[in-house]
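Number of protein chains: 2
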Amino acid sequence: MFGCLVAGRLVQAAPQQVAEDKFVFDLPDYENINHVVVFMLGTLPFPEGMGGSVYFCYPDQSGMAVWQLLGFVTNEKPSAIFKISGLKSGKGSQHPFGAMNLPQTPTVAQIGISVELLESLAQQTPVASAAVSSVDSFTEFTQKMLDNFYNFASSFAVTQAQMTPNPSEAFIPANVVLKWY
Amino acid sequence: MFGCLVAGRLVQAAPQQVAEDKFVFDLPDYENINHVVVFMLGTLPFPEGMGGSVYFCYPDQSGMAVWQLLGFVTNEKPSAIFKISGLKSGKGSQHPFGAMNLPQTPTVAQIGISVELLESLAQQTPVASAAVSSVDSFTEFTQKMLDNFYNFASSFAVTQAQMTPNPSEAFIPANVVLKWY
Numbered sequence: 001m002f003g004c005l006v007a008g009r010l011v012q013a014a015p016q017q018v019a020e021d022k023f024v025f026d027l028p029d030y031e032n033i034n035h036v037v038v039f040m041l042g043t044l045p046f047p048e049g050m051g052g053s054v055y056f057c058y059p060d061q062s063g064m065a066v067w068q069l070l071g072f073v074t075n076e077k078p079s080a081i082f083k084i085s086g087l088k089s090g091k092g093s094q095h096p097f098g099a100m101n102l103p104q105t106p107t108v109a110q111i112g113i114s115v116e117l118l119e120s121l122a123q124q125t126p127v128a129s130a131a132v133s134s135v136d137s138f139t140e141f142t143q144k145m146l147d148n149f150y151n152f153a154s155s156f157a158v159t160q161a162q163m164t165p166n167p168s169e170a171f172i173p174a175n176v177v178l179k180w181y
Numbered sequence: 001m002f003g004c005l006v007a008g009r010l011v012q013a014a015p016q017q018v019a020e021d022k023f024v025f026d027l028p029d030y031e032n033i034n035h036v037v038v039f040m041l042g043t044l045p046f047p048e049g050m051g052g053s054v055y056f057c058y059p060d061q062s063g064m065a066v067w068q069l070l071g072f073v074t075n076e077k078p079s080a081i082f083k084i085s086g087l088k089s090g091k092g093s094q095h096p097f098g099a100m101n102l103p104q105t106p107t108v109a110q111i112g113i114s115v116e117l118l119e120s121l122a123q124q125t126p127v128a129s130a131a132v133s134s135v136d137s138f139t140e141f142t143q144k145m146l147d148n149f150y151n152f153a154s155s156f157a158v159t160q161a162q163m164t165p166n167p168s169e170a171f172i173p174a175n176v177v178l179k180w181y
């Protein structure tokens, strides 16, 4: 039903089914993984009204499994790219794989897919840094950050006549900021 | 031999074989595509010493096919994620699909894979903006940009005593910039 692909590696199309509604892919050497693609094979859709929540699971320093919600796949959006390279030091989130005690190997992480009601998925919030779609707004983000700074800094601009005499305070000519901007 | 996946859509595993060594996937509604994953299915490796160059082909305003080299897949690196959303206004590059005259529909682009000698691939330069690995340096890039600005602006910092009298020039207190930084 599901496939999983680590960018640069061979595709995996045979997850381990750890419960009726739970599927797990192993990710060996996960420290060297940046992006993971999770997708439906197209052979079998989700039952009506259901979808899959996608989790990343990795062992913390003491070997305990830390689970983080990456996002979702549904019949309407049957594939997604996730960035996991920024997650390795993040905190765990609530997850439905609790009782499974997957064996933890220091270098092996997992992708877990839990089939759930769409209403249940709608109440879950994935970790923001996993969304590759945010990457698309890279230029917009940079531009917004610059706009934000320029507006912020400009609001403090003063002329010499407006300055309170203070020999130690340093000033930057506003046209230097404008030029850089 | 190859699969192709548009992020958010169903996987495609049956390319059109347009020549013995050339394969093409259609990408409908390509204006709404950000990322494309190209991967080997794992059923059949490349012949020894060979790999695949991956091209994005889209129709320009006059309906002519524009081809851009995205990158490569090989037996050693059998999958890759490419960002195509920035390429739609780019220039075409040399490509091996020249004589094929693929039918161009205004909203349909293509992914083309050409099986070639690895030595030939090594001499080809993909368009830089297609590499999703560059995405990983997002944080570093932003930080560098900030460092760059802070160093640049700070180098212009003056105290009131150092200012040339000029009532119209606006100044920004340096601690405003430091605070934002």
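Chains A and B are the protein sequences, given in the same order.
Here the first sequence stands for residues 1 to 181, numbered as in full-length UniProt numbering.
Here the second sequence stands for residues 1 to 181, numbered as in full-length UniProt numbering.
Backbone N, C-alpha and C fix where the C-beta goes; we use that ideal spot for every residue, glycine too.
Annotated as distal: Gln68 of chain A and Val24 of chain A, with beta-carbon spacing of 8 Å or more. Proximity of Leu41 of chain A to chain B, defined by a Cβ-Cβ separation below 8 Å, is satisfied. Under the Cβ criterion of 8 Å, Gln68 of chain A is not counted among the residues facing chain B. According to the DSSP assignment, Ser120 of chain A belongs to no beta strand (DSSP E) but to the alpha helix (DSSP H) extending over 118 to 121. DSSP, read as helix, strand or coil, puts Ala7 of chain B in coil. Membership of Met50 of chain B in the beta strand (DSSP E) is indicated by the continuous run 50 to 59. Put simply, of A:Gly42, A:Ser93, A:Arg9 the residue whose alpha carbon is nearest the alpha carbon of Val73 of chain A is A:Gly42. With a threshold of 8 Å between beta carbons, Met163 of chain A makes contact with chain B. Taking C-beta separations shorter than 7 Å and ignoring five residues to either side along the sequence, the partners of Leu117 of chain B in its chain run Gly49, Met50, following chain order.
Distance between Pro45 of chain B and Asn75 of chain B, taken at the CA atoms: about 6 Å. For Thr159 of chain A, the residues of chain B that pass the 9 Å Cβ criterion are Asn166, Pro167, Ser168, Glu169, Ala170, Phe171, in the order they occur in the chain.
If you draw a straight line from the Cα of Ser53 of chain B to the Cα of Ile113 of chain B, it is about 6 Å long. For His95 of chain A, there is no enclosing beta strand (DSSP E), as DSSP gives it neither H nor E. Using a Cβ-Cβ cut-off of 8 Å, Ser114 of chain A does not count as an interface residue toward chain B, since no Cβ of chain B sits closer than that to its own. Contacts with chain A at 8 Å (Cβ-Cβ) include Leu5 of chain B. Within the segment 70 to 81 of chain B, the residues whose Cβ lies closer than 7 Å to some Cβ of chain A are Lys77, Pro78, Ser79, Ala80, Ile81, listed in chain order. Comparing C-alpha distances from Gln12 of chain A to each of A:Glu20, A:Leu27, A:Ala19 shows the shortest one belongs to A:Leu27. Excluding its 5 nearest sequence neighbours in each direction, Tyr55 of chain A has C-beta neighbours in its own chain below 6 Å: Trp67, Leu69, His95, Gly112, listed in chain order. The beta carbon of Ala109 of chain A lies closer than 7 Å to those of Leu27, Tyr30, Phe56, Cys57, Tyr58 in the same chain, with the five residues before and after it left out.
The alpha-carbon separation between Ser93 of chain A and Ala131 of chain A amounts to approximately 16 Å. Annotation: the continuous beta strand (DSSP E) that includes Met40 of chain A extends over 35 to 40. Rounded to the nearest whole angstrom, the CA to CA distance from Val176 of chain B to Ala170 of chain B is 14 Å. Val132 of chain B sits in a helix when the DSSP states are folded into three classes. For Phe82 of chain B, the enclosing beta strand (DSSP E) covers residues 79 to 83. Scanning chain A for C-beta atoms nearer than 8 Å to the C-beta of Leu10 of chain B yields Phe39, Met40, Gly42, Pro78, Ser79, reported in chain order. Apart from the 5 residues on each side of it in sequence, Ala161 of chain B has no Cβ closer than 8 Å to any other Cβ in its chain. Scanning B:Ile84, B:Ser62, B:Gln17 for the CA closest to the CA of Leu5 of chain B turns up B:Ile84. Contact note: Ala174 of chain A reaches chain B through Ala170, Phe171, Ile172, using a C-beta cutoff of 7 Å and chain order. Secondary structure at Gln17 of chain B: strand, using DSSP grouped into helix, strand and coil.
Annotation: Val108 of chain B is outside any beta strand (DSSP E) and is labelled neither H nor E by DSSP.
Collapsing the DSSP output to three states places Val176 of chain B in a helix.
If you draw a straight line from the Cα of Gln104 of chain A to the Cα of Ser129 of chain B, it is about 37 Å long. Each residue's CA atom was taken as its position, placing Ala80 of chain A and Ala122 of chain B some 30 Å apart. Looking at the DSSP output, Ala65 of chain A shares a beta bridge with A:Pro59. The three-state secondary structure of Ala157 of chain B, taken from DSSP, is coil. Taken through DSSP and simplified to helix, strand or coil, Gln12 of chain A comes out as strand.
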